[in-house]
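The sequence shown begins at 20 in the working numbering and counts up one residue at a time.
All C-beta atoms, glycine included, are put in the ideal place defined by N, C-alpha and C.
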Amino acid sequence: HLKQYVDSNYTADKLVIAAAGGMKHEEVVKLAEKAFGGVKAGPPVVGTNKPYFCGAELLYRNDEMGPLAYISVGWEAVPWKSPDAVTFMVMQAI
């Protein structure tokens, strides 16, 4: 069962390769091809349902964290090609 799970979930379409520091792009590509060149592509994934978004609010105060405030805000966004996408990008940057 483990092999079947790995074969169906560890596919090329689900991998991300990242590098940091003084590396040349060609070197990263060469190393990635050597390490992951044999990974098979998975079947195409078709999204049929829009994910359900449930907004929530959590207020938590911990005075032991010092004088700084740590704030996180989340909201349901619009699709990337929406005319309102730029507005949401500005909201994200604020």
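Using DSSP with H/G/I as helix, E/B as strand and the rest coil, what is residue i?
i    : result
S124 : Because the chain in this structure spans residues 20 to 113, residue 124 falls outside the shown range and cannot be described.
K53  : helix
M110 : helix
Only counting the same chain, and skipping five residues up and downstream in sequence, which positions put a Cβ closer than 8 Å to that of residue i?
i    : result
Q111 : none
Over the uninterrupted alpha helix (DSSP H) stretch that includes residue i, give me the two end residues.
i   : result
D82 : Where D82 is concerned, there is no enclosing alpha helix (DSSP H), given that its DSSP letter is neither H nor E.
V25 : L21 to N28
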